[in-house]
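Beneath this line is the structure, given in structure tokens, with notes to follow.
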Amino acid sequence: MNGWKGLFITFEGTEGSGKTTQVELFCRYLDERGISHIRTRDPGGTPIGEAVRKILLDRENTNMRPETELLLYLSSRYQLFHQVILPALEQGRIVVCDRFADSTVAYQGYGRGIDLEWIRLMHHQILGDKKPDLTILFDCPVKEGLERTKHRMSTQGEHCREDRFEQEAVSFHQRVRTGYLKIAEQEPHRVIKVNGRNSPEDLHREILSVISKRCPNPCLLGKL
Ligand code: TMP
């Protein structure tokens, strides 16, 4: 038990898996029903975190060491969790976060090969035993997700370029996907896997159903 009155929901997945579109649709749904919530993202979500995000995603930063990367993600997360997420949850609000600690396990742990136990200990230092109440994992074949990301960029104009992670080899993204699937296997009560290949409309309906069924504190959401 996390011990807060609110509800902490995270959306996770590999590149182009559709999670950000679903964060958008879910938050719009809450807005339309007047259900108070906070939408945020990791890395980012605070002025400090957004500055760190720029460094992390900047494709010019080619010589960043995996451990430097890990520490930057953790620093952004520490700031976000203590400045935004925890106070909101203690006030009984819903927090919807685009990525969180599972991304570090998947990308820096499984993807980069940093020791998983080290990551677990660092998370314990910055988050204690707190975890999201519910995590929706968008799973889709890596190549398909990367294609979708490329397509999105080509339709968004020339200024939109691949970031440091989108440039990574397919094998890196495969390891990240494997990592996510392991997390889902290890924590089936918290992490719910959905098929990122489904249409946005179907996924939105599925997510509403999953959240209303699995939410440990359903009165916060009213009737979804
Ligand atoms: P986003 O564009 O989905 O917000 O993600 C930013 C990138 O950062 C994405 O490629 C995944 C990566 N990432 C990590 O490598 N580790 C982390 O802990 C987080 C939160 C994101």
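Heads up: the sequence shown begins at 3 in this note's numbering, then just goes up one per residue. C-beta atoms are modelled at their ideal positions from N, C-alpha and C, and glycine is treated no differently.
Mind checking which residues open and close the beta strand (DSSP E) that includes residue i?
i, result
"Lys195", "Val193 to Asn197"
"Ile138", "Leu136 to Asp141"
"Asp100", "Ile96 to Asp100"
"Glu14", "Leu9 to Gly15"
Closer than 6 Å by C-beta to residue i: which residues in its own chain qualify, once you throw out the five before and the five after it? Chain order, please.
i, result
"Gln93", "none"
"Ile194", "Ile138 and Val212"
"Leu32", "His39"
"Gly20", "Phe140 and Gly198"
"Lys133", "none"
"His206", "Leu27"
"Glu160", "Confidence is the limiting factor: at Glu160 the pLDDT is only 49, short of 50, which leaves the residue's position unreliable, though a coordinate-based value still follows. Within the same chain, Glu160 has no close Cβ partners at all."
"Cys142", "Ser19, Gly198 and Arg199"
"Glu69", "none"
"Glu208", "Val196"
Does the Cβ-Cβ distance between residue i and residue j come in under 7 Å?
i, j, result
"Ile1", "Phe13", "Within the shown structure, residues of the chain are numbered from 3 to 226, placing residue 1 beyond reach of any answer."
"Phe174", "Gly115", "no"
"Leu9", "Ile87", "no"
"Asp131", "Ile185", "no"
"Gly51", "Leu72", "no"
"Gly36", "Leu148", "no"
"Arg41", "Val98", "yes"
"Val178", "Tyr109", "yes"
"Val144", "Gln176", "yes"
"Tyr80", "Ile11", "no"
"Pro45", "Ser78", "yes"
Looking at the secondary structure, which residues open and close the alpha helix (DSSP H) in which residue i lies?
i, result
"Gly147", "Val144 to Thr157"
"Gly181", "Val172 to Gln188"
"Ile213", "Pro202 to Arg216"
Kindly list the residues whose CB is nearer than 7 Å to the CB of residue i, restricted to its own chain and excluding five residues on each side of it in sequence; keep chain order.
i, result
"Leu74", "Val54, Ile57 and Leu58"
"Gly111", "Leu118, Ile121 and Gly181"
"Pro89", "none"
"Thr23", "Pro202"
"Gly5", "none"
"Arg192", "Lys133, Pro134, Leu136 and Thr137"
"Gln85", "Thr48"
"Asn233", "Residue 233 is absent from the model: the chain starts at 3 and stops at 226."
Less than 8 Å between the CB atoms is what I'm expecting for residue i and residue j, so what's the real figure, rounded?
i, j, result
"Arg43", "Arg101", "6 Å"
"Leu136", "Arg216", "6 Å"
"Arg166", "Arg30", "With 8 Å as the limit, Arg166 and Arg30 do not qualify as a contact, their Cβ atoms being about 30 Å apart."
"Leu183", "Met124", "Going by Cβ atoms, the distance from Leu183 to Met124 rounds to 22 Å, so no, they are not a contact pair."
"Met155", "Glu146", "Contact doesn't hold; Cβ gap of about 15 Å is too wide."
Chain B beta carbons: is any one of them nearer than 7 Å to that of residue i?
i, result
"Trp6", "This model lacks chain B altogether; it includes just one protein chain."
Please return the same chain residues whose Cβ sits closer than 8 Å to the Cβ of residue i, not counting the five positions on each side in sequence.
i, result
"Gln169", "Arg61"
Every unbroken alpha helix (DSSP H) within the segment 17-64, with a cutoff of 4 residues, ordered by chain: 21-34 and 49-59
At what residue ranges does the segment 63-125 contain a whole run of the beta strand (DSSP E), taking only runs of 3 or more? 96-100
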